[in-house]
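S.K.: Quick note, in the UniProt record's numbering, the sequence shown goes up one by one and the last residue is 315. Glycine included, each C-beta is placed from N, C-alpha and C at the ideal position. Fair warning: this is a prediction, and the values are worked out from it, not measured in the lab. This is the structure I want to talk about, given as structure tokens.
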Amino acid sequence: MAELISNALESDLNFMRLFDYVEDLVFLVEVDEDQFRYRYINQSVKKLVGLNDLIIGRTVLEVIEDKEEGQFLHKQYEHVSQLKEGIKYLHTIKAPGVRYIGETTMYPLSDKEKCCKYVLAIVKDVTEKQEIEQKLAKMAFYDYLSELPNRRLFDDRLTMAIQLARRNGTKVGLIFLDGHRFKRINDTYGHIVGDAVIVQIARKLEKTVREVDTVGRLGGDEFAMILPGLETAEDALIVARRIVQEFKEPHQIEGHLIDFKVDMGIAVYPDHAEDKKTLIHCADQALYATKSCADTRFSVYTFDMDGNSLVSPKK
């Protein structure tokens, strides 16, 4: 396309009128030594961006009021004209009453001597496309109901947390959580209330942790927490006690007063395990210990748990 337009421009700049009613924004700038002068804009530019033919003959730096944006555009045109190769990039288009994500493609238009005389820029509105891609990405890494990281993202973050702790000589707390008697809530009140309880649990767990921590939903009523950068194992217990307090009182859910709690199992890297797989096993064993003991809400892993001796800390 660039070669076709370049050949047409050799004889008549009016060739650009073919772009007048194209939906995309179309700009033609002339390379004038180290400046870039507007020679054509189409109707979409006039309608959406608010520019008019008064800019024809003026440079990019003269027309763009925002200096930072003007310098950015100038450098893009410079890159294309000097290297004589097209580029494509995403850029936020801002104008009075208009804001969208534009995919800008720039083409160098050279003469017969291979000297770049013009640069053609076409801006396509890809806002909807970007939003769809973001939603698909979120679906891949986040749980649709709770909006928490899913098992896949949680696993990646746990890997990174352990690697960072290994380098920095710190600890990582891993807490597995299950909804206490959650099946009974589903059976009694139905799945709509059950889903509302899941969302409520997610919001409450988020309230108990720092911004650097991760709360994830692994599936059903199974949740988990990553607590990176801990100095001592006691730091994980502080979070667990905070969670117990958060679920102390019954809650109004869909018109019902429901008493729901969570059971927790805690393991700490490197105190209980030196790799991710073993750390997960330890936290799972500690959770099993909690669920096997009616009078406790959380257990910390001890090595004799793998010998069927269930030990819970004193509260």
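1. Just to confirm, is the Cβ distance from Ala224 to Ile175 under 8 Å?
2. Just to confirm before moving on: does the CB-CB distance between Lys84 and Ser110 stay below 8 Å?
3. Checking 8 Å against the spacing of the C-beta atoms, do Glu30 and Lys135 come in under that value?
4. Evaluate Asn14 with the Cβ neighbour count: other Cβ atoms within 10 Å of its Cβ, from every protein chain shown; 16 or more gives buried, anything less gives exposed.
5. Are there 16 or more other CB atoms within 10 angstroms of the CB of Asn168, so buried, or fewer, so exposed?
6. Going straight from the alpha carbon of His91 to that of Leu48, what length do you get?
7. Given this structure, state the Cα-to-Cα distance separating Glu65 from Gly194, to the nearest angstrom.
8. In the DSSP assignment, the beta strand (DSSP E) including Gly70 goes from what residue to what residue?
9. Which one of Ser81, Phe260, Tyr40 has the shortest CA to CA distance from Asp178?
10. Please confirm if the region 225-245 is in contact with the region 132-147, defined as three or more CB-CB distances below 8 Å between the two stretches.
11. Exposed or buried, what is Tyr269 when buried is set at 16 or more other beta-carbons lying within 10 Å of its beta-carbon?
12. Tell me whether the beta-carbon of Leu218 lies closer than 8 Å to the beta-carbon of Gly173.
13. Would you say the region 291-300 touches the region 188-207, given that touching needs at least three Cβ pairs under 8 Å?
14. Can you check whether the CB of His272 is closer than 8 Å to the CB of Gln200?
15. Based on the DSSP output, what are the partners of Gln252 in its beta bridges?
16. In terms of residue numbering, what span does the beta strand (DSSP E) encompassing residue 318 cover?
17. Ile87 by DSSP, collapsed to three states: which one?
18. Can the beta-carbon of Ala267 be found closer than 8 Å to that of Ala283?
19. What first and last residue would you give for the beta strand (DSSP E) that runs through Met106?
20. Quick one: what does DSSP say Lys315 is sitting in, helix, strand or coil?
21. How long is the line joining the alpha carbons of Ala202 and Arg37, rounded to whole angstroms?
22. Start and end of the alpha helix (DSSP H) containing Ile56?
23. With a 10 Å radius around its C-beta and 16 neighbouring C-beta atoms as the bar for buried, classify Gly216 as buried or exposed.
24. Thinking Phe154 and Thr214 are a contact (beta carbons under 8 Å), I'd like their distance in whole angstroms, please.
25. Report back the beta-carbon spacing between Val197 and Ile258 to the nearest angstrom; my notes put them in contact at under 8 Å.
26. Within a Cβ cutoff of 7 Å, which residues of the same chain sit near Asp24, ignoring the five residues on either side of it in sequence?
27. From Lys138 to Ile56, what does the alpha carbon distance come to, in whole angstroms?
28. I need the straight-line Cα distance from Asp306 to His281, nearest angstrom please.
M.R.: Reading it off the structure:
1. Inclusion of Ala224 and Ile175 in the CB contact set at 8 Å is warranted, their separation being smaller than that value.
2. For Lys84 and Ser110, yes; Cβs fall inside 8 Å.
3. If you check the CB distance, Glu30 and Lys135 do not come in under 8 Å.
4. Asn14 sits exposed, since fewer than 16 C-beta atoms from the chains shown fall within 10 Å of its C-beta.
5. By the 10 Å Cβ count, Asn168 comes out exposed.
6. Leu48 has its alpha-carbon roughly 15 Å from the corresponding atom of His91.
7. So the alpha carbons of these two residues sit roughly 54 Å apart.
8. It is not in any beta strand (DSSP E) - Gly70 instead sits in the alpha helix (DSSP H) that spans 67-83.
9. Closest option to Asp178, Cα to Cα, is Phe260.
10. These segments do not touch.
11. Tyr269 counts as buried, since no fewer than 16 other beta carbons sit within 10 angstroms of its beta carbon.
12. For Leu218 and Gly173, no; Cβs fall outside 8 Å.
13. Contact fails: fewer than three Cβ-Cβ distances are below 8 Å.
14. Contact: no.
15. As DSSP reads the structure, Gln252 sits in a beta bridge with Leu257.
16. Not covered by the structure: residue 318. The range shown for the chain is 1 to 315.
17. Residue state for Ile87 is assigned as strand, using DSSP reduced to three classes.
18. With respect to Ala283, Ala267 sits close: the two C-beta atoms are nearer than 8 Å.
19. Per DSSP, Met106 belongs to the beta strand (DSSP E) from 98-110.
20. Its pLDDT being 41, under 50, Lys315 is placed unreliably in this model, and the coordinates cannot settle the point.
21. Counting only the Cα atoms, Arg37 lies some 55 Å from Ala202.
22. Here Ile56 belongs to no alpha helix (DSSP H), and DSSP marks it neither H nor E.
23. So Gly216 counts as buried.
24. The Cβ separation is near 6 Å, so the contact holds.
25. With 8 Å as the limit, Val197 and Ile258 qualify as a contact, their Cβ atoms being about 7 Å apart.
26. Within the same chain, Asp24 has close Cβ partners Ser44, Ile122, Val123, Lys124.
27. Whole-angstrom Cα-Cα distance: 44 Å.
28. The C-alpha of Asp306 lies about 10 Å from the C-alpha of His281.
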